[in-house]
Amino acid sequence: TDNGPEFFLTDFFAKTGILHQKSCVETPQQNARVERKHQHILNVARALLFQSHLPKQFWSYAVMHAVFLINRISTPILNNKSPYFCLLNKSPDLANLKCFGSLAYASTLQNHRTKLSCRARKCAFLGFKTGMKGVVLVDIDTREILVSTKWSYYPSSSSIPVSSSHDPLDLTSSPDSHSLIPIPDTTIDSSPTISPNPPETKPHLLT
Numbered sequence: 001t002d003n004g005p006e007f008f009l010t011d012f013f014a015k016t017g018i019l020h021q022k023s024c025v026e027t028p029q030q031n032a033r034v035e036r037k038h039q040h041i042l043n044v045a046r047a048l049l050f051q052s053h054l055p056k057q058f059w060s061y062a063v064m065h066a067v068f069l070i071n072r073i074s075t076p077i078l079n080n081k082s083p084y085f086c087l088l089n090k091s092p093d094l095a096n097l098k099c100f101g102s103l104a105y106a107s108t109l110q111n112h113r114t115k116l117s118c119r120a121r122k123c124a125f126l127g128f129k130t131g132m133k134g135v136v137l138v139d140i141d142t143r144e145i146l147v148s149t150k151w152s153y154y155p156s157s158s159s160i161p162v163s164s165s166h167d168p169l170d171l172t173s174s175p176d177s178h179s180l181i182p183i184p185d186t187t188i189d190s191s192p193t194i195s196p197n198p199p200e201t202k203p204h205l206l207t
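With the first letter of the sequence shown counted as 1, position 94 gets the number 94 in UniProt numbering; the numbers rise by one all the way through.
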């Protein structure tokens, strides 16, 4: 591994008989397999962010979903088997696979709503929650990250409009929202008004 302290598992290495070798500083080629996999993960994560039009602030969720997909995709290195199959000896369930960044509506909690409040929250799909039977969503209005089990998915809406304002997390307004013309509150009579007694026009005299 590299010289990151998170890899210094001295007790674990001693119990399992692992000889831990560290790479030299600024020599990534000595840790080539891990560095190449990092490149693979980031390539997939960038593609997820580009197609979803979500801000870069959601990169960590894109990386997590990229790893989720890579682990379930067959590869020639594993004889056209997925890492999931090689580890658990069973095929992954892809029936509930969703598109990253797609539109979703999460049911609101009964304790947090009134009789006249909305029953769902407009969200964007960010992936599946590890260790829980739920999905990770971001509320487009409040920017809150939540985990939900009661939600509806809309695959036809594959991207969420992102505001062009300075706030990269403002997902509430569309780029075309500034071109809309407001409708006045009062009704305006567009028919022309004809005066019953038009003003007299005096001829111009030439001198």
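All C-beta atoms in this analysis are idealised placements derived from N, C-alpha and C, irrespective of residue type, glycine included.
First and last residue of the beta strand (DSSP E) that includes residue i?
i             : result
aspartate 139 : 135-139
lysine 37     : Premise fails: lysine 37 lies in the alpha helix (DSSP H), 32-52, not in any beta strand (DSSP E).
Label residue i either buried or exposed according to how many other C-beta atoms from any shown protein chain fall within 10 Å of its C-beta, with 16 as the threshold for buried.
i             : result
glycine 17    : exposed
leucine 137   : buried
alanine 106   : buried
threonine 186 : Bear in mind that a pLDDT of 43 at threonine 186, under 50, signals an unreliable position, so the model cannot answer this.
glycine 101   : buried
serine 91     : exposed
glycine 127   : buried
tyrosine 154  : exposed
histidine 38  : exposed
Per DSSP, what are the beta-bridge partners of residue i in this structure?
i                 : result
isoleucine 145    : Val138
phenylalanine 128 : Val135
leucine 103       : Ala124, Tyr154
lysine 81         : Thr75
Grab the span of the alpha helix (DSSP H) containing residue i for me, first residue to last.
i           : result
serine 60   : 59-70
aspartate 2 : Careful: aspartate 2 lies outside any alpha helix (DSSP H) and carries neither H nor E.
alanine 14  : 10-16
Hey, does residue i have any beta-carbon neighbour from chain C nearer than 8 Å?
i           : result
leucine 126 : You won't find chain C in this structure, because it holds only one protein chain.
Can you tell me the Cβ-Cβ gap for residue i and residue j, rounded? I've got them flagged as a contact below 8 Å.
i             : j           : result
asparagine 31 : threonine 1 : 7 Å
alanine 95    : serine 152  : Contact flag wrong, Cβ pair sits at about 16 Å.
Whether or not the stretch 107-117 and the stretch 38-50 are in contact is what I'm after, with contact meaning three or more pairs of Cβ atoms, one per stretch, closer than 8 Å; do they touch? no
Query raised in the report: Is the stretch 121-129 touching the stretch 141-149 in the sense that three or more CB pairs, one from each, lie closer than 8 Å?
Result: yes
contact_flag[the stretch 67-84, the stretch 16-35] where n(CB pairs < 8 Å) is 3 or more: no
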